[in-house]
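Trainee:
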Amino acid sequence: MSTRRYADPVNVKRIWDSIRSSKQIQVDYIRIIKYIQNDEECSPTHAELYVKQCLKDKLILLCKGTGKLSDPQTTFRITNQELPDFDDIDWYCFECHRAGEVKRCEKCHRVYHPHCVLKARRRYDAYRKTNNYNLYKSKTKTAPETSINISSDSDEVFNIEEAAAGKPTDRVTSSADRQKQMTDKENYVYNEELCSVCNIKNVDTGCDLETTEMNYLLKFVLDRIRSWLPNTLTHTMAQEDRPDWLTDAELTWRANQLFFEHKDMSVIEVNLNNETYTLLAEFVADVYTVQHNVAIFHGLESQEYGASELMLRDTLHDLTELKNCADCYKHSNEKINQRWFCLPCRNPHDLVWAKQKGYPYWPAKILRECDKHFDVRFFGGKYERAMLMKNYVKPISVPKETLQIKASAAFTKSLEELEFHKLLLNSAEELEKFKASSKPTRKTLSKQRNSLLNVSPENLKKTGKKKQAQDDSFQETASSRLKGKKKRGRPFRTSREKASVSPEKRARTSNEAGEEGESSISGNIIDISDGDDDEEHSEYSFRESGFGNGPYLLEDGFEPVSSSTENFRNQEAVGSTNIENVMQRLDQPYCDAVEKMRRVLETLPDKKSIIKQAMSSMQLEMDKITNAHNDTLKRLFESHNNQISETKKKQWCYNCEQDAIYHCCWNTAYCSQLCQQQHWQAEHKKVCRRKRPDGKELVFV
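In the working numbering, the protein residues as written are 3 to 703.
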């Protein structure tokens, strides 16, 4: 073992901040110590230790002096190196993201503390659950040769008849080798001489996909998780004012000094476009590296690190679904047609009658089988998903008349989809016709970017102006109609509002719904909404509004543009932006508290513990707020008493009640000679008690 770096990255950043904030090249020891103590409540001994560690790592340099705290002439400056010395080994532990004495992995550049092996095992166990060694696949009729590729960028449709005739394919070598490989990986024992990522690669079971298709499906995973973090990892999630010296160039320089392996979402996207990944574990390794960089740059207590943990949770959930059935995952993300659930898969799912609590038996597919439960997804509607006990699932061969099903429009529609699924499953010609008549409604972000790059600037300007005019007209019309009408159901949202909130919200909603589908074994239906209803509603409303094309008249509420109206709108925009920034700063402490509570609750095993922990957290928060309120009242009371005391000690002008500087007699003073003359002539000369030069008082009767 060896010590790669001595100072933790958070302390290094604090020391850099103390030097940069002084706006001087060289800073003395005392200033650095005071800055660290103000930023973090620590003793001078700890602050001095941080400076010495940073000096050992050559991230700051000693300019003059002995380097001791007792020497007043000791000064430091930041190193001038553009890049640190690389020797193919990381500087910080990959598990806790801190410095210190670390152990190197035998296969890669990563390092870890010996006491962090337990953390690495937890990460390894979390990924191993994505393999799930699906019992359902071994019991159903697996047909890798009858694979049907229906991706939006490929016209390939495998001929089932040719595959049944025994023509070879390059999908897998043999079922026996595959079974042996799965058994070896299932019996794999964690190797403590390797890091968690290398152990994950050793246990990765894959998903029987070609490289092109696997990278294509991983783009959907990337599109889902990239909204959790900023586009640039060195930026924060909250919009906060940065000091002048903390420029983008400074942030890039710091990243070069702290990051051993530069990885962010854009790098992962480039790798997917170039089809670099050959294993799912390689993609997961890059996601773990992104979290490693976030922890190094922002710290373990930051909001960004909490978001990265949620990003990893969503990644593992999506990979679980992808490994369980790659075709189902592809169909649900591509959505080439409203009946995307009717498309067949390479490994055909068993069709069953499944009964949800409070509902009749319903046609469904078995997606996954556990020891006592089936993970099923129903035909019809929004294709809800649920975990059901095995005694609530019957084969599809059971006549529906014996199940006492009450006929309804929804049930009839689900039966139609079931029959259509059987038709596509048995006829390759019908499947090809269905694919030819369908168009994908969702595309990956990379394709959208490429399509934008192919648009000429002139066409882009014209399209932008036309779209802006349509959106403005549509928004005003929708708001005017909604003023007089109130309907139950989903609140109406304009296309501009949906564009601003839908990616992040839709990703989180679908991921949370999918997690409930795996973990909950209650009778509640899990609604996995993919946003089709919102899109259809938006299109229908836009057509009904009647403002798709046509000129806009001034009588319809559009005022002529002048310099005054432009200035007024600019002022309005600036004002609204300032209000949003202020509100965001006020909401930030609340968001941080909720995020910390969520991270604590996710680690608890049962419902009682979650309720107990939530109640205790709420009580602590209430006590904290009460104490802060009492302290504020106490400070206000003391401040008020001090102001009263200072007011009593002052002298005031008898005429105008301002601060007095000229004393006249025992209870009379003035602020100026003018007030003294006015008051003397008015009344004071009759009662003035100021002594004359001969010792008598001036008293007028």
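A virtual CB, placed ideally from N, CA and C, is assigned to each residue, including glycine.
Tell me which residue opens and which closes the alpha helix (DSSP H) that residue 355 is part of.
Mentor: In the sequence shown, counting from the first residue as 1, residue 355 sits at position 353. Not the alpha helix (DSSP H): residue 355 falls in the beta strand (DSSP E), residues 353 to 357.
Trainee: Between which two residues does the alpha helix (DSSP H) carrying residue 213 extend?
Mentor: By 1-based counting over the sequence shown, the position of residue 213 is 211. Counting along the chain, the alpha helix (DSSP H) containing residue 213 begins and ends at 213 to 227.
Trainee: State the Cα-Cα distance for the pair residue 106 and residue 201, rounded to the nearest angstrom.
Mentor: Translated into the one-based positions of the sequence shown, residue 106 becomes position 104. Translated into the one-based positions of the sequence shown, residue 201 becomes position 199. Near 14 Å, if we compare the C-alpha coordinates of residue 201 and residue 106.
Trainee: Which residue spans inside the stretch 420 to 444 form an unbroken beta strand (DSSP E) run of at least 3?
Mentor: If we require 3 residues or more, the stretch 420 to 444 turns out to have no beta strand (DSSP E) run fully inside it.
Trainee: Cα-Cα, which of 673, 674 and 666 is closest to residue 687?
Mentor: By one-based count along the sequence shown, residue 687 stands at place 685. Residue 687 has its Cα closest to that of 666, out of 673, 674 and 666.
Trainee: Which of the three DSSP states is assigned to residue 665 in this structure?
Mentor: Position 663 of the sequence shown, counted from the start, is the residue given in the question as residue 665. Note: residue 665 maps to strand in three-state DSSP.
Trainee: Looking only at its chain, what residues have a beta carbon closer than 6 Å to the beta carbon of residue 365, apart from the 5 residues adjacent to it on each side?
Mentor: Counting from one through the sequence shown, the residue named residue 365 turns up at place 363. Once the five neighbours on either side are set aside, the close Cβ partners of residue 365 are 381, 416 and 420.
Trainee: Report yes if the C-beta distance between residue 363 and residue 396 is below 8 Å; otherwise report no.
Mentor: If you number the sequence shown from 1, residue 363 lands on position 361. If you number the sequence shown from 1, residue 396 lands on position 394. Cβ atoms of residue 363 and residue 396: closer than 8 Å.
Trainee: Give the secondary structure of residue 4 by DSSP, where H, G and I count as helix, E and B as strand, and everything else as coil.
Mentor: Numbered from its first residue, the sequence shown carries residue 4 at position 2. Strand, per DSSP.
Trainee: Please classify residue 406: is it buried, with 16 or more other beta-carbons within 10 angstroms of its beta-carbon, or exposed?
Mentor: Mapped onto the sequence shown, residue 406 falls at position 404. With fewer than 16 other Cβ atoms within 10 Å, it is exposed.
Trainee: Would you kindly check if the distance between the Cβ of residue 307 and the Cβ of residue 296 is under 8 Å?
Mentor: The residue given as residue 296 occupies position 294 in the sequence shown. The residue given as residue 307 occupies position 305 in the sequence shown. A contact, by the Cβ cut-off of 8 Å.
Trainee: Mapping the DSSP letters down to three states, classify residue 230 as helix, strand or coil.
Mentor: Residue mapping note: residue 230 aligns to position 228 of the sequence shown, counting from 1. In this structure, residue 230 counts as helix in the three-state DSSP scheme.
Trainee: Using 10 angstroms around the beta-carbon of residue 358, count the other beta-carbons present and answer buried if the total reaches 16, otherwise exposed.
Mentor: Along the sequence shown, read from residue 1 onward, the residue named residue 358 stands at position 356. Burial call: buried.
Trainee: Over what stretch of residues does the beta strand (DSSP E) that includes residue 375 continue unbroken?
Mentor: Taking the first residue of the sequence shown as position 1, residue 375 is located at position 373. From DSSP, the beta strand (DSSP E) with residue 375 extends over 375 to 380.
Trainee: Is the distance from the Cβ of residue 233 to the Cβ of residue 277 below 8 Å?
Mentor: If you number the sequence shown from 1, residue 233 lands on position 231. If you number the sequence shown from 1, residue 277 lands on position 275. No, the Cβ-Cβ distance between residue 233 and residue 277 is not below 8 Å.
Trainee: Tell whether a beta-carbon distance below 8 Å holds between residue 226 and residue 320.
Mentor: For this step, residue 226 is matched to residue 224 along the sequence shown. For this step, residue 320 is matched to residue 318 along the sequence shown. It is a contact, given that the beta carbons lie within the stated cut-off.
Trainee: Using only the alpha-carbon positions, how far apart do residue 254 and residue 248 sit?
Mentor: For this step, residue 254 is matched to residue 252 along the sequence shown. For this step, residue 248 is matched to residue 246 along the sequence shown. Taking the straight line joining both Cα atoms gives about 10 Å.
Trainee: Is the beta carbon of residue 198 sitting closer than 8 Å to the one on residue 97?
Mentor: Translated into the one-based positions of the sequence shown, residue 198 becomes position 196. Translated into the one-based positions of the sequence shown, residue 97 becomes position 95. It is a contact, given that the beta carbons lie within the stated cut-off.
Trainee: Is it right to say residue 245 is buried, meaning 16 or more other beta carbons lie within 10 angstroms of its own, or is it exposed?
Mentor: Numbered from its first residue, the sequence shown carries residue 245 at position 243. The residue is exposed, with fewer than 16 neighbouring Cβ atoms inside 10 Å.
Trainee: Identify which residue in 127, 99, 268 and 17 has its Cα closest to the Cα of residue 81.
Mentor: Your numbering for residue 81 matches position 79 in the sequence shown. It is 17.
Trainee: May I ask you to list the residues that DSSP assigns as paired with residue 397?
Mentor: Mapped onto the sequence shown, residue 397 falls at position 395. Beta-bridge pairing links residue 397 to 354.
Trainee: Which runs of the alpha helix (DSSP H) spanning at least 4 residues fall entirely within the stretch 10 to 93, listed in chain order?
Mentor: Correct list: 11 to 23, 31 to 41 and 46 to 58.
Trainee: Check for me: the alpha helix (DSSP H) holding residue 126 runs from which residue to which?
Mentor: Numbered from its first residue, the sequence shown carries residue 126 at position 124. Here the alpha helix (DSSP H) through residue 126 covers 119 to 133.
Trainee: Taking only the alpha-carbon atoms, compute the straight-line gap between residue 512 and residue 27 and give it to the nearest angstrom.
Mentor: Position 510 of the sequence shown, counted from the first residue, corresponds to residue 512. Position 25 of the sequence shown, counted from the first residue, corresponds to residue 27. No answer about residue 512 holds up, because its pLDDT of 44 lies below 50 and its placement is not dependable.
Trainee: Can the beta-carbon of residue 327 be found less than 8 Å from the beta-carbon of residue 282?
Mentor: To locate residue 327, count along the sequence shown from 1; it is residue 325. To locate residue 282, count along the sequence shown from 1; it is residue 280. Result no, Cβ atoms of residue 327 and residue 282 do not sit closer than 8 Å.
Trainee: Cα separation between residue 348 and residue 310?
Mentor: Against the sequence shown, residue 348 aligns to sequence position 346. Against the sequence shown, residue 310 aligns to sequence position 308. Their Cα atoms are separated by approximately 34 Å.
Trainee: Anyone know if the C-beta pair for residue 398 and residue 11 falls short of 8 Å?
Mentor: Here residue 398 is taken as the residue at index 396 of the sequence shown, counted from 1. Here residue 11 is taken as the residue at index 9 of the sequence shown, counted from 1. Against a cut-off of 8 Å, the Cβ pair of residue 11 and residue 398 comes out as no contact.
Trainee: Which partner residues does residue 690 have in the DSSP bridge list?
Mentor: The residue you call residue 690 lines up with position 688 of the sequence shown. None, per the DSSP bridge assignment.
Trainee: Give me the Cα-Cα distance between residue 611 and residue 371, rounded to the nearest whole angstrom.
Mentor: The residue you call residue 611 lines up with position 609 of the sequence shown. The residue you call residue 371 lines up with position 369 of the sequence shown. If I take the Cα positions, the gap works out to 29 Å.
Trainee: Tell me which same chain residues have a C-beta within less than 6 Å of the C-beta of residue 719, skipping the five on either side of it?
Mentor: There is simply no residue 719 to check, as the chain begins at 3 and stops at 703 in what is shown.
Trainee: Quick check on residue 400: buried or exposed, where buried means 16 or more other Cβ atoms within 10 Å of its Cβ?
Mentor: Taking the sequence shown and counting its residues from 1, one reaches residue 400 at position 398. Counting Cβ neighbours within 10 Å, residue 400 comes out exposed, since fewer than 16 surround it.
Trainee: So, for residue 678: in the same chain, excluding its five sequence neighbours on each side, which residues have a beta-carbon less than 8 Å away from its beta-carbon?
Mentor: Translated into the one-based positions of the sequence shown, residue 678 becomes position 676. Hits under 8 Å: 657, 664, 666 and 672.
Trainee: Please state whether DSSP places residue 291 in a helix, a strand or coil.
Mentor: Along the sequence shown, one-based indexing puts residue 291 at 289. Helix at residue 291.
Trainee: Could you tell me the alpha carbon to alpha carbon distance between residue 379 and residue 333, rounded to whole angstroms?
Mentor: Residue mapping note: residue 379 aligns to position 377 of the sequence shown, counting from 1. Residue mapping note: residue 333 aligns to position 331 of the sequence shown, counting from 1. Going by the C-alpha atoms only, they are around 13 Å apart.
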